[in-house]
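Counting from 1 along the sequence shown, just add 1 to a position and that's the residue number in the numbering used here. Taking it in order: structure first as structure tokens, then the write-up.
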Amino acid sequence: MSKYSTISIPKELHSEIEELIKKNPGLGYTSVAELCKEAIRLRLSEIRMEQQENYLSQAEVEEVLRMIEKSLRKR
Numbered sequence: 002m003s004k005y006s007t008i009s010i011p012k013e014l015h016s017e018i019e020e021l022i023k024k025n026p027g028l029g030y031t032s033v034a035e036l037c038k039e040a041i042r043l044r045l046s047e048i049r050m051e052q053q054e055n056y057l058s059q060a061e062v063e064e065v066l067r068m069i070e071k072s073l074r075k076r
């Protein structure tokens with residue numbers, strides 16, 4: 002079984018990335034695929050962080066609701 006799959010991007014975007022790589026060797030990318038893999042990894046990381054922040058926020062909301070309910074029961 003292959004360890005890779007392929008994705009399609011518009012030719013214009015491919016050309017733009019290719020040109021960026023050629024004009025900026027200091028970025029350290031040697032191919033369009035290499036830049037795309039890193040970009041995808043970074044975006045996935047951002048999404049995971051956002052989801053974690055939302056989860057923490059949800060947990061905080063639930064804690065506040067528990068505190069309010071507890072306070073109301075004491076009255």
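Glycine residues also receive a C-beta, built at the ideal position from the N, C-alpha and C atoms. Since the structure is predicted, the reported quantities are computational estimates derived from the model, not experimental observations.
*Under three-state DSSP, which class holds residue 10?*
In the structure shown, residue 10 sits in coil (DSSP, three-state: anything other than H, G, I, E or B).
*Leaving out five residues before and five after residue 19 in sequence, what residues of the same chain have Cβ atoms less than 8 Å from its Cβ?*
So the qualifying residues of the chain are 33.
*Determine the DSSP secondary structure at residue 27, reduced to helix, strand or coil.*
Three-state DSSP puts residue 27 in a helix.
*What three-state label does DSSP hand residue 72 in the structure shown?*
The answer is helix: DSSP assigns residue 72 an H, G or I state.
*Does the distance from the C-beta atom of residue 28 to that of residue 22 stay below 8 Å?*
Closer than 8 Å, so yes.
_According to DSSP, simplified to helix, strand and coil, what is residue 38?_
Residue 38: helix per DSSP, three-state reduction.
*Whole angstroms is fine: what's the gap from residue 74's alpha carbon to residue 66's?*
Looking at the two C-alpha atoms, the distance is approximately 12 Å.
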